[in-house]
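Asker: So for the sequence shown, my numbering puts the first residue at 6; every next one is plus one.
Just so you know, even glycine gets a beta-carbon here, dropped at the ideal spot from N, CA and C.
Just so we're clear, the structure is a prediction, and the values are computed from it rather than from any experiment.
The structure is given below, and queries will be raised subsequently.
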Amino acid sequence: DMQLAQDAHIDAFAMNVATGDASIYNSLALAFDAARLQNFKLFLSFDYLGGSAGPWGKGQVLDLASTYFARGEYLRYNGKPLASTFEGSDQAGDWVDVKRQTGCFFLPDWSSRGARGALDLQGGVADGLFAWTAWPWGNRDMDSNTDASYDEALRDQNKPYMMAVSPWFYTNLPGWSKNWLWRGDDLWADRWNQIIEHQPEFVEIVTWNDYGESSHISPLYDNAMGLFNYGKAPFNYAQDMPHDGWRQFLPFLIDTYKGARPAITKEGLTSWYRTSPAAACSDGGTPGNTASQMQLEFSAAQVSQDRVFYSALLASDAQVEVTVGGRTQAGSWKHRPDGGVGVYHGSVEFGGRTGDVVIRVSRGGSTIAQINGRSVSPDNCRNGLNNWNAWVGSAMSGASIPAASAPGAPAKHPFRWSDGDMPQYCVEGHSSGDGRLDGLCRWSCALGFCPIHACTCTRQGTSQPGAPGWVNVPATGVDGVSDFGLCDFACHHSNCPGDVCRRF
């Protein structure tokens, strides 16, 4: 697994550890020994909610810290061993002493408190924050509203942000009171675009190997499937549902995030979809969203779409087609990279069609890459239940091409939006949630101004486009509209919709 992670240009594993499981001590010892041999990095993430013996005690944390923080294979940031958590904000006071005794850099996930609430705990004991916010709400696509709140709060204190990215989420483990999904669909493509735009100091992929939440990008191992028995799952929904293809373009995406201009020498294709139509069988009582986190619940079919999703790493534009049950449909690209070099993404609806699935990318009639995927069929239902997990396939071109690089790359520390500033690189975007602002977001993001509190950038360019001529028309949003500078920008450039903006 460490070699596969290195092949994907992943720098380290977060070792999630919880109380009540004596096996973790031997597992950690083996993992750190393997990391030393592999020249790979690990760091500890203390799970304060998942342990059968309750939250971590300060003494237990210090014991593990004394064992591992000084090891050469332990991940460091600015020379300090990095430690994280999954929740545990009620134990924030413990970390005052842990930091004093170990000198660690503390980057917890205290998402339940929000950005400013987490930063205020114990006099600002957190050196930065991780937000476990990798999935969209309900039937919406992923936006960057939460990231914006963290970005603003952390920037005020000059502290770093760790942004989460995940490809999927579905869990049905009634033994642990878990049964819901969050929208996957375009998420893997959308979220990497947001990461490249935002340029956080850290990115954490959620997860490497959590089969129980269908968020893994690791291979499937039969000897690691015991949680489906322990969690009393109605069936093993990870079996025969590989996710390895989601790693295929990570070297390009991670290197781009880090500010490089990675060269494409081979083109390729990745595709993912559910293997039975939503209406083919029972939804298993699985909602989209979860009331356990105070969310309005939808039916699963309202959230997870009957579509075949695909991404292609290409040196120039190409055609895509999807065949389901012998019927071929021309696909299209929802996202095209600026300059034509990079990751393209789109999807087609399969609706009620069933049968074998073939996804093909071609140029000038010649096939670049083709995936012969798993069939879509009611027969793929298990025990009369729909499997809301995704099947993922991938293929690379058999031939190499002359090296092609995107015409530009994001700066490692781009501008962050504030009053009067214009973010770099955005050339396409939409509203992050308030539909009244969607038209303004699309217009202003195309001109390089895409404030992350109101808009979500979906494509970056190599230079800021020119805006229409400037006129002196200061403005703000009408009552009830938080526009974060959109109206002032738009009205100063002769686009001042009266239903959204109010001139001074």
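Report back the beta-carbon spacing between Thr-291 and Asn-388 to the nearest angstrom; my notes put them in contact at under 8 Å.
Answerer: To locate residue 291, count along the sequence shown from 1; it is residue 286. To locate residue 388, count along the sequence shown from 1; it is residue 383. With 8 Å as the limit, Thr-291 and Asn-388 do not qualify as a contact, their Cβ atoms being about 13 Å apart.
Asker: Taking only three categories from DSSP, how would you classify Asp-426?
Answerer: To locate residue 426, count along the sequence shown from 1; it is residue 421. Because Asp-426 sits at a pLDDT of 37, beneath the cut-off of 50, its placement in the model cannot be relied upon, and the following sentence gives the value as read from the coordinates. Coil, per DSSP.
Asker: Nearest-angstrom Cα distance between Ala-296 and Phe-233?
Answerer: Locating residue 296 in the sequence shown gives position 291, where the first residue counts as 1. Locating residue 233 in the sequence shown gives position 228, where the first residue counts as 1. Going from the Cα of Ala-296 to the Cα of Phe-233 covers about 22 Å.
Asker: Output needed for Ile-406: all residues of its chain with C-beta closer than 8 Å, excluding positions within five of it in sequence on either side, in chain order.
Answerer: Translated into positions along the sequence shown, residue 406 becomes position 401. Here the set comprises Ile-269, Thr-270, Lys-271, Glu-272, Ala-320.
Asker: What's the C-alpha gap between Ile-15 and Gln-127?
Answerer: Walking along the sequence shown from the start, residue 15 turns up at place 10. Walking along the sequence shown from the start, residue 127 turns up at place 122. Each residue's Cα considered, the two are about 32 Å apart.
Asker: Can you check the region 145-213 for any beta strand (DSSP E) of at least 3 residues that lies completely inside it and give the ranges in chain order?
Answerer: Correct list: 166-170, 174-178, 183-187, 207-210.
Asker: Can you tell me which of Lys-63, Tyr-278, Trp-193, Pro-86 puts its alpha carbon nearest to the alpha carbon of Arg-510?
Answerer: Because residue 510 is not part of the residues shown, which for the chain are 6 to 509, the question remains open.
Asker: Assuming Leu-112 and Gly-143 make a contact with CB atoms under 8 Å, what is their CB distance in whole Å?
Answerer: As a first step, residue 112 is located in the sequence shown; it is residue number 107 there, counting from the start. As a first step, residue 143 is located in the sequence shown; it is residue number 138 there, counting from the start. Rounded, the Cβ-Cβ distance is 29 Å, inconsistent with contact.
Asker: What would DSSP say about Asp-132, mapped onto helix, strand or coil?
Answerer: Locating residue 132 in the sequence shown gives position 127, where the first residue counts as 1. It is coil, neither helix nor strand.
Asker: Answer yes if the region 393-410 comes into contact with the region 436-448, meaning at least three C-beta pairs across the two stretches below 8 Å, and no otherwise.
Answerer: In short, these stretches do not touch, since the Cβ pair count stays below three.
Asker: Check the C-beta distance from Ser-171 over to Ser-220 and give it rounded, since I have them as a contact under 8 Å.
Answerer: The sequence position of residue 171 within the sequence shown is 166, counting from 1. The sequence position of residue 220 within the sequence shown is 215, counting from 1. That pair is a contact at about 5 Å.
Asker: Closest to Leu-258 by CA distance: which of Ala-284, Asp-195, Arg-279 is it?
Answerer: Residue 258 sits at position 253 when you count from the first residue of the sequence shown. For Leu-258, the nearest C-alpha among the options comes from Asp-195.
Asker: Which one or two residues does DSSP pair with Cys-431 in a beta bridge?
Answerer: One-based indexing of the sequence shown puts residue 431 at position 426. Cys-431 pairs with Gln-465.
Asker: Around the Cβ of Asp-493, are there at least 16 other Cβ atoms within 10 angstroms (buried) or fewer (exposed)?
Answerer: Here residue 493 corresponds to residue number 488 of the sequence shown, with the count starting at 1. Asp-493 should be labelled buried.
Asker: Whole angstroms are fine: how far does the CA of Ala-317 sit from the CA of Asp-6?
Answerer: On the sequence shown, position 1 is the one that residue 6 refers to. On the sequence shown, position 312 is the one that residue 317 refers to. So the alpha carbons of these two residues sit roughly 24 Å apart.
Asker: From the DSSP output, which residues share a beta bridge with Tyr-278?
Answerer: Locating residue 278 in the sequence shown gives position 273, counting from the first residue. For Tyr-278, which the question treats as bridged, DSSP gives the partners Trp-396.
Asker: Should Leu-49 be listed as close to the ligand SAH, given that the test is whether its C-beta is under 7 Å from any heavy atom?
Answerer: For the ligand SAH, the structure offers nothing, since it holds no ligand at all.
Asker: If Ala-411 sits next to Gly-453, beta carbons under 8 Å apart, how far is it from one beta carbon to the other, in whole angstroms?
Answerer: By 1-based counting over the sequence shown, the position of residue 411 is 406. By 1-based counting over the sequence shown, the position of residue 453 is 448. Actually they are not in contact, since the Cβ atoms of Ala-411 and Gly-453 sit about 18 Å apart, beyond 8 Å.
Asker: Beta-carbon separation of Ile-373 and Ser-276 under 8 Å?
Answerer: Working through the sequence shown from its first residue, we reach residue 373 at position 368. Working through the sequence shown from its first residue, we reach residue 276 at position 271. Going by C-beta atoms, Ile-373 is not nearer than 8 Å to Ser-276.
Asker: With a CB to CB cut of under 6 Å and the five nearest residues on each side skipped, what residues in its chain are close to Gln-96?
Answerer: Numbered from 1 along the sequence shown, position 91 holds the residue referred to as residue 96. Only Pro-60 meet the Cβ criterion.
Asker: From the DSSP output, in three-state form, read off Cys-505 for me.
Answerer: As a first step, residue 505 must be located in the sequence shown, where it is residue number 500. The question names Cys, yet the displayed sequence has Val at residue 505. In the structure shown, Val-505 sits in coil (DSSP, three-state: anything other than H, G, I, E or B).
Asker: Could you pull out every residue in the same chain whose Cβ sits closer than 6 Å to the Cβ of Gly-55, ignoring the five residues on either side in sequence?
Answerer: As a working note, residue 55 is residue 50 in the sequence shown. Excluding residues within five positions, the ones whose Cβ falls inside 6 Å are Ala-23.
Asker: In the structure shown, what three-state DSSP assignment does Gln-375 receive?
Answerer: Here the question's residue 375 lines up with position 370 in the sequence shown. Here Gln-375 sits in strand by DSSP.
Asker: So does the region 166-182 actually touch the region 229-247, counting three or more Cβ pairs closer than 8 Å?
Answerer: The region 166-182 is in contact with the region 229-247.
Asker: Pick out the complete beta strand (DSSP E) segments inside the region 37-109, 3 residues or longer, and give them in chain order.
Answerer: Segments of the beta strand (DSSP E) lying fully in the region 37-109: 46-52, 85-91.
Asker: Could you tell me the boundaries of the alpha helix (DSSP H) in which Gly-369 lies?
Answerer: Reading the sequence shown from its first residue, position 364 is the one you call residue 369. That residue, Gly-369, is in no alpha helix (DSSP H); it is neither H nor E in DSSP.
Asker: Does the beta-carbon of Leu-80 have 16 or more other beta-carbons within 10 angstroms, so that it is buried, or is it exposed?
Answerer: The sequence position of residue 80 within the sequence shown is 75, counting from 1. Leu-80 comes out buried.
Asker: Looking only at its own chain, which residues have a Cβ that is under 6 Å from the Cβ of Asp-288, when we skip the five neighbours before and after it?
Answerer: Position 283 of the sequence shown, counting from 1, holds the residue named residue 288. Excluding sequence neighbours, Asp-288 sits near Ala-305, Asn-391.
Asker: Assuming Met-147 contacts Pro-205 (C-beta within less than 8 Å), just tell me the rounded distance between them.
Answerer: If you number the sequence shown from 1, residue 147 lands on position 142. If you number the sequence shown from 1, residue 205 lands on position 200. That pair is no contact at about 15 Å.
Asker: Roughly how many whole angstroms lie between the Cα atoms of Leu-69 and Ser-28?
Answerer: The sequence position of residue 69 within the sequence shown is 64, counting from 1. The sequence position of residue 28 within the sequence shown is 23, counting from 1. When rounded, the distance between both Cα atoms is 14 Å.
Asker: Just to confirm before moving on: does the CB-CB distance between Ala-17 and Lys-63 stay below 8 Å?
Answerer: Taking the sequence shown and counting its residues from 1, one reaches residue 17 at position 12. Taking the sequence shown and counting its residues from 1, one reaches residue 63 at position 58. No, Cβ-Cβ distance for Ala-17 and Lys-63 is not below 8 Å.
Asker: What do you reckon, are the CB atoms on Asn-198 and Thr-463 nearer than 8 Å?
Answerer: Translated into positions along the sequence shown, residue 198 becomes position 193. Translated into positions along the sequence shown, residue 463 becomes position 458. Cβ atoms of Asn-198 and Thr-463: closer than 8 Å.
Asker: Quick check on the DSSP output: the alpha helix (DSSP H) that includes His-350 runs from which residue to which?
Answerer: Position 345 of the sequence shown holds residue 350. No alpha helix (DSSP H) contains His-350, which is instead part of the beta strand (DSSP E) from 347-354.
Asker: Once you ignore the five residues that flank Thr-481 on each side, which residues in its own chain have a CB closer than 8 Å to its CB?
Answerer: Working through the sequence shown from its first residue, we reach residue 481 at position 476. Contacts found: Asp-488, Cys-492, Asp-493, Cys-506, Arg-507, Phe-509.
Asker: Check Val-522 in the structure and name its three-state DSSP category.
Answerer: It is not possible to answer for residue 522, since the shown part of the chain is limited to 6 through 509.
Asker: Among His-458, Asp-245, Ser-449, whose alpha-carbon lies nearest the alpha-carbon of Pro-502?
Answerer: Position 497 of the sequence shown, counting from 1, holds the residue named residue 502. Ranking the options by Cα distance to Pro-502, first place goes to Ser-449.
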